[in-house]
Structures are given as C-alpha cells and as structure tokens.
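Novice: Heads up, the sequence shown is in the UniProt record's numbering, so the first residue is 1 and it goes up one at a time. Even for Gly, the Cβ is constructed at its ideal location relative to N, Cα and C. Predicted model only: the values in this text are computed from it and were never measured.
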Amino acid sequence: MKTPKKYNINADVVRILAGFGVVLIPVTDPFIGYPPTMGTRGFSWELIHLINTFFRTSVPLFIMLSGFLILDPTKPFDPQTFYRKRLWRVGIPFVFWVMVELAWTYFNSETAPTLFQLFEKIIGVNLGHLYFLAIILDLYYVTPYILAFLKNTSRKMHTYLLYNAFGFTLLLSGINAISYEADVITADNIITIFLPFICYYIAGYYFKDVVLKYATSFWMIVVYGALAFITAMASNGDVGAYPRQYGSPFIIVMTIISFLYLMRNISIEKLSKSKFATNSVRFLASMIFGIYLTHMLVINLFDYWYGIVPESVPSPMWLYVLFKLGIVSIVSFAVVVMRKRIPYFRAVFG
1 MKTPKKYNIN ADVVRILAGF GVVLIPVTDP FIGYPPTMGT RGFSWELIHL
51 INTFFRTSVP LFIMLSGFLI LDPTKPFDPQ TFYRKRLWRV GIPFVFWVMV
101 ELAWTYFNSE TAPTLFQLFE KIIGVNLGHL YFLAIILDLY YVTPYILAFL
151 KNTSRKMHTY LLYNAFGFTL LLSGINAISY EADVITADNI ITIFLPFICY
201 YIAGYYFKDV VLKYATSFWM IVVYGALAFI TAMASNGDVG AYPRQYGSPF
251 IIVMTIISFL YLMRNISIEK LSKSKFATNS VRFLASMIFG IYLTHMLVIN
301 LFDYWYGIVP ESVPSPMWLY VLFKLGIVSI VSFAVVVMRK RIPYFRAVFG
C-alpha cells in the first residue's frame, strides 16, 4: 500500500505567484518601452516598470519548481513511464497551441507565410509565450541523464554540477551582452533553448533539503526589492536589456531568494491546516497551466478588437494596465474552468 504524499502548499503558492507573473509580464511589457522612447516617463511608467521587473523571476521559478518536484534520485525512476506521462501532460498542449499560434500568424500577416516559414517559426521557437514549453520538453528529455548522475555521485559532485551550470549560464549571457561577434543565441533554436535554464532545474533539486538560517527573514524581501529596483533602473525601459535576462546575476539571485523564501515560509505552510485555504490554493494551482496556455490568445484578441496602443491610453496609464490585466486573467480563468464541460478538450490544457 502506497503512503499518500504530504501536500506541499508552499509549492502550489509558488506556482500561483509565478503564474500570475507570467500573465502580468506580457500585459505590461508594451507599456514599458514606449514612454522612455517618447520622453513621457512618469509615475505610472515607473510603477508599471518596477512591478514588471519584480515578476521577472516567474519563468525561472517555474523551472526551479519543476526540478524540486521531479529530480529525486532516492525514488525509483522509469524513463518510459516518465516520458509517456509528460508527453500527455505537456506534449499534446504544445502541439495544439503551436497550431493556434501558427493559425494566428497566418491570418494576421499582410502576406500569407509559406509552410516553410511557419516551420521555421517552430524550430526557431518564434512562438511567443510557448517558448517555455519548448524549454520544459527539452528539460524532460535530459531528466533521465541528470537523475542518473545524481543517483551515482556524491553531494559534493552535485555542488560542482550546480556551480558549473550557473557558471555556464552566467558566461553565456555575459558574452552575449558584451560581444556581437561571439554572440550565441540559444533561444533561437528549439534544440538549444533549454541550455541556459538547466541551472535553475538543478537548483530546484539542490535546494530541496538545504536549510538556510535567513532564507525567510525580512531582509531577504529587502534584498529582493533592492535587486528588482536596480534591475529596473539599469534596464531603463528596454525589455530585452541584459539585467532583465534570465542569465543575468540579478535575475539568478532574485529567483533563488524568492524560491527559498516561499518554499521555506512557515506562515504559508500553516495555511495547510485550514481546509478552505488548502482547497482554494489547490484549485487555483490546478488552473495555472491552462491560464498560461490561454492568456496570450486572450491578449491578442483584446488588442485586435480594441486596437489600443500605449500612446492612446489616457492617464493614468497604470489604471488601464490594471484593467487589462484583470480582463485577461478573468477571461483566461473562465476558459480554463469551462474546459471541463467540453469532451476531449481537457487534454489541450494539460
């Protein structure tokens, strides 16, 4: 008889917060670049920019959480069963939503793209928010090899692996930032896109049993906020700036701080004693993957129907952004809830 797993409410809280960030970032990104270009920076822009930067850790947080949940060398592991489950959970939604993305591209292009151009969008991961699924599928592919290493080596070797993985990501990102000639864009290839994210995947496992004295202290929040502020100021409205990239030291440190703080937080853990809180968190967490898959289509349709661009938004801009974020979140949530009523449709939402 199997022992039932102890519910980890902290992990679901991480999933919910990261999921909110994944929706918030594409809603707010268009409003970050425009004001500095046109010289119209103000309170609204500063506020939106800082909040956007605060949630830049959302994607690496998801990946750390995956490593935390999946990479367990103490448990029996069957690659065939693992691949089959993940293919159903992630592979089918990936194929379906890629087709949706390609259809949107086809019908919204001034000149109809060729089949090869659509194919290039896939292998070049020019798929909007779906790049995350490409990363996850790649990480799932190499998971048996990572687990084999973890099972057959010491903790000291695990530490070396972690340091080298982060070192690789930092060097790759740093070289790309300072040298055009040596630039290697792993994000432009579906086979290599996962490479800079291996460090986060391994870190999720590595910090699983690490107890740090000040991980949940108030000062960690202060450090996180300070790093978010520095990152926002250094990027100055450039959404592709080096400080905001997932391989920058700012985002790496912020991600580790937020992961440890949320996963070790006793106040969050105490919520599991409340049946209402537990059921609410479980329900919201179960919706996150579907909301992630749906939200960009909702944003695209919203922008298509209303045609609102940053320069046409009346002041205060932050109020409009809040309104749009609310609409996108509610509609995406409603679509995911309704999926249960449509036969065979649940699979495309994971």
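Closer than 7 Å by C-beta to residue 215: which residues in its own chain qualify, once you throw out the five before and the five after it? Chain order, please.
Specialist: 260, 261 and 264.
Novice: Can you list, in chain order, the residues of its chain with a C-beta nearer than 8 Å to that of residue 269? Leave out the 5 residues immediately preceding and following it.
Specialist: Only 9 and 10 meet the Cβ criterion.
Novice: Quick check: the segment 60-67 against the segment 197-206, are there 3 or more CB pairs under 8 Å?
Specialist: The segment 60-67 is in contact with the segment 197-206.
Novice: Decide if residue 19 is buried, meaning its Cβ has at least 16 other Cβ atoms within 10 Å, or exposed.
Specialist: Buried.
Novice: Could you tell me which of 107, 113, 110 and 102 sits nearest to residue 125, measuring between CA atoms?
Specialist: When only C-alpha atoms are compared, the closest one is 102.
Novice: Would you call the CB atoms of residue 329 and residue 23 closer than 8 Å?
Specialist: Result yes, Cβ atoms of residue 329 and residue 23 sit closer than 8 Å.
Novice: Jot down the residue ranges of each uninterrupted alpha helix (DSSP H) in the segment 58-102, minimum 4 residues, whole runs only, in chain order.
Specialist: 58-70 and 79-86, all fully within the segment 58-102.
Novice: Run through the segment 121-155 for me and flag every whole beta strand (DSSP E) of 3 or more residues, listed as ranges in chain order.
Specialist: Taking only runs of at least 3 residues, no beta strand (DSSP E) segment lies wholly in the segment 121-155.
Novice: I'd like the list of long-range same chain contacts for residue 155, defined as Cβ closer than 6 Å, with 5 residues on each side in sequence excluded.
Specialist: Result list for residue 155: empty, nothing under 6 Å.
Novice: If you draw a straight line from the C-alpha of residue 77 to the C-alpha of residue 144, how long is it?
Specialist: Rounded to whole angstroms, residue 77 to residue 144 spans 8 Å at the Cα level.
Novice: Is residue 249 near the ligand ATP, going by C-beta to nearest heavy atom under 7 Å?
Specialist: Looking at this structure, you won't find the ligand ATP or any other ligand, since it has none at all.
Novice: Decide if residue 1 is buried, meaning its Cβ has at least 16 other Cβ atoms within 10 Å, or exposed.
Specialist: Note that residue 1 scores 42 on pLDDT, short of 50, meaning its location in the model is unreliable; the coordinates nonetheless yield the value given after this. Exposed, by the Cβ-count rule.
Novice: For residue 52, which of 276, 350 and 318 has the nearest alpha-carbon?
Specialist: Considering only alpha carbons, the answer is 318.
Novice: Which ranges does the alpha helix (DSSP H) cover as unbroken runs of at least 4 residues, wholly within the segment 178-221, from first to last along the chain?
Specialist: DSSP runs (the alpha helix (DSSP H)) wholly in the segment 178-221: 198-206.
Novice: Note down the Cα distance separating residue 80 from residue 305, rounded to an integer number of angstroms.
Specialist: For residue 80 and residue 305, the distance between alpha carbons rounds to 45 Å.
Novice: Rounded to the nearest angstrom, what separates residue 100 and residue 108 at their Cα positions?
Specialist: Answer to the nearest angstrom: the Cα atoms are 12 Å apart.
Novice: Report yes if the CB atom of residue 251 is closer than 8 Å to the CB atom of residue 57, and no otherwise.
Specialist: Yes, the Cβ-Cβ distance between residue 251 and residue 57 is below 8 Å.
Novice: CB-CB under 7 Å to residue 291, same chain, minus the five flanking residues each way: which ones, in chain order?
Specialist: The answer, listed in chain order, is 19, 23, 332, 333 and 336.
Novice: Going by Cα to Cα distance, which pick from 67, 278 and 127 is closest to residue 193?
Specialist: Of 67, 278 and 127, the residue nearest in Cα terms is 127.
Novice: Compute the Euclidean distance between the alpha carbons of residue 375 and residue 55, then round it to the nearest angstrom.
Specialist: No statement about residue 375 is possible, as the shown extent of the chain runs from 1 to 350 and does not include it.
Novice: Thinking just about the alpha-carbon of each residue, which of 72, 121, 299 and 70 is nearest to the one in residue 105?
Specialist: It is 121 whose Cα lies nearest to the Cα of residue 105.
Novice: Based on Cα-Cα distance, which residue from 207, 69 and 242 lies nearest to residue 178?
Specialist: It is 242 whose Cα lies nearest to the Cα of residue 178.
Novice: Would residue 140 and residue 84 qualify as a contact pair, given that the criterion is a beta-carbon distance under 8 Å?
Specialist: No.
Novice: By the DSSP assignment, the alpha helix (DSSP H) with residue 18 in it spans what residues?
Specialist: Residue 18 -> alpha helix (DSSP H) spans 9-28.
Novice: Answer yes or no: do residue 223 and residue 257 have a C-beta to C-beta separation smaller than 8 Å?
Specialist: Yes, the pair counts as a contact, with Cβ atoms nearer than the cut-off.
Novice: Spatial neighbours of residue 32 within its chain, please: C-beta separation below 7 Å, excluding the five flanking residues on both sides.
Specialist: Cβ neighbours of residue 32 beyond the five flanking positions: 48, 49, 52, 237 and 239.
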